[in-house]
Amino acid sequence: MVTKSPKMGGMDRDELEEDRAAFIAGEIGGAVVELIIDGVVISRDAIVDSLEAKRRAVGNVIHKGVLRDAAAMVMKGQ
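Residue numbers (the UniProt record's numbering): 1 to 78.
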(Lines of atoms letter the chains of each structure in order from A; the text may use other names.)
(Lines give C-alpha, C1' and ligand atoms only; values in the text may rest on other atoms or scores of the structure.)
Protein backbone atom coordinates (compact mmCIF):
# COMPACT_ATOMS: atom_id res chain seq x y z
CA MET A 1 0.00 0.00 0.00
CA VAL A 2 1.34 3.41 -0.93
CA THR A 3 0.93 6.12 1.65
CA LYS A 4 1.11 9.76 0.77
CA SER A 5 2.16 12.49 3.06
CA PRO A 6 -0.64 14.94 3.76
CA LYS A 7 -0.50 18.12 1.72
CA MET A 8 -1.83 21.48 2.58
CA GLY A 9 -4.68 22.18 0.20
CA GLY A 10 -5.62 18.57 -0.60
CA MET A 11 -4.93 16.77 -3.87
CA ASP A 12 -2.36 17.97 -6.34
CA ARG A 13 -3.20 18.82 -9.92
CA ASP A 14 -2.08 15.44 -11.32
CA GLU A 15 -4.34 13.57 -8.90
CA LEU A 16 -7.29 15.76 -9.83
CA GLU A 17 -6.66 15.20 -13.55
CA GLU A 18 -6.41 11.43 -13.00
CA ASP A 19 -9.68 11.43 -11.06
CA ARG A 20 -11.39 13.51 -13.75
CA ALA A 21 -10.16 11.13 -16.47
CA ALA A 22 -11.47 8.18 -14.44
CA PHE A 23 -14.89 9.82 -14.05
CA ILE A 24 -15.04 10.56 -17.79
CA ALA A 25 -14.09 6.97 -18.65
CA GLY A 26 -16.71 5.71 -16.21
CA GLU A 27 -19.43 7.86 -17.76
CA ILE A 28 -18.53 6.70 -21.29
CA GLY A 29 -18.48 3.08 -20.16
CA GLY A 30 -21.78 3.52 -18.35
CA ALA A 31 -23.36 5.02 -21.45
CA VAL A 32 -22.20 2.05 -23.53
CA VAL A 33 -23.59 -0.43 -20.98
CA GLU A 34 -26.95 1.39 -20.94
CA LEU A 35 -27.10 1.32 -24.74
CA ILE A 36 -26.37 -2.41 -24.75
CA ILE A 37 -29.06 -3.06 -22.14
CA ASP A 38 -31.53 -0.99 -24.18
CA GLY A 39 -30.63 -2.92 -27.36
CA VAL A 40 -29.33 0.18 -29.15
CA VAL A 41 -26.60 -0.19 -31.77
CA ILE A 42 -23.37 1.18 -30.32
CA SER A 43 -22.17 4.18 -32.30
CA ARG A 44 -20.37 7.41 -31.55
CA ASP A 45 -23.62 9.35 -32.05
CA ALA A 46 -25.57 7.04 -29.74
CA ILE A 47 -22.95 7.39 -26.99
CA VAL A 48 -22.89 11.18 -27.33
CA ASP A 49 -26.70 11.34 -27.28
CA SER A 50 -26.78 9.21 -24.12
CA LEU A 51 -24.17 11.37 -22.38
CA GLU A 52 -25.95 14.59 -23.38
CA ALA A 53 -29.31 13.26 -22.17
CA LYS A 54 -27.78 12.36 -18.83
CA ARG A 55 -26.13 15.80 -18.64
CA ARG A 56 -29.53 17.44 -19.05
CA ALA A 57 -31.00 15.19 -16.35
CA VAL A 58 -28.41 15.63 -13.59
CA GLY A 59 -28.48 18.59 -11.24
CA ASN A 60 -24.88 18.69 -10.04
CA VAL A 61 -22.83 21.26 -11.95
CA ILE A 62 -19.56 19.34 -11.60
CA HIS A 63 -21.23 16.15 -12.87
CA LYS A 64 -22.65 18.13 -15.81
CA GLY A 65 -19.11 19.28 -16.65
CA VAL A 66 -17.75 15.73 -16.57
CA LEU A 67 -20.57 14.58 -18.86
CA ARG A 68 -19.98 17.52 -21.22
CA ASP A 69 -16.27 16.68 -21.41
CA ALA A 70 -17.01 12.98 -21.93
CA ALA A 71 -19.37 13.77 -24.81
CA ALA A 72 -16.80 16.13 -26.35
CA MET A 73 -14.12 13.44 -26.10
CA VAL A 74 -16.34 10.88 -27.83
CA MET A 75 -17.29 13.39 -30.56
CA LYS A 76 -13.63 14.16 -31.28
CA GLY A 77 -12.69 10.49 -31.18
CA GLN A 78 -9.90 10.98 -28.67
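The beta carbon of each residue, even a glycine, is placed where N, CA and C say it ideally should be.
- Here the alpha carbon of A21 sits roughly 24 Å from the alpha carbon of I37.
- Between A72 and K54, the gap from beta carbon to beta carbon reaches 9 Å or more.
- Relative to V74, the option among D49, G39, D19, N60 whose CA is nearest is D49.
- Going by C-alpha positions, A57 is about 21 Å away from S43.
- In this structure, DSSP gives G39 a state outside helix and strand, which the three-state scheme calls coil.
- In this structure A25 is exposed. Its beta-carbon is surrounded by fewer than 16 other beta-carbon atoms within 10 angstroms.
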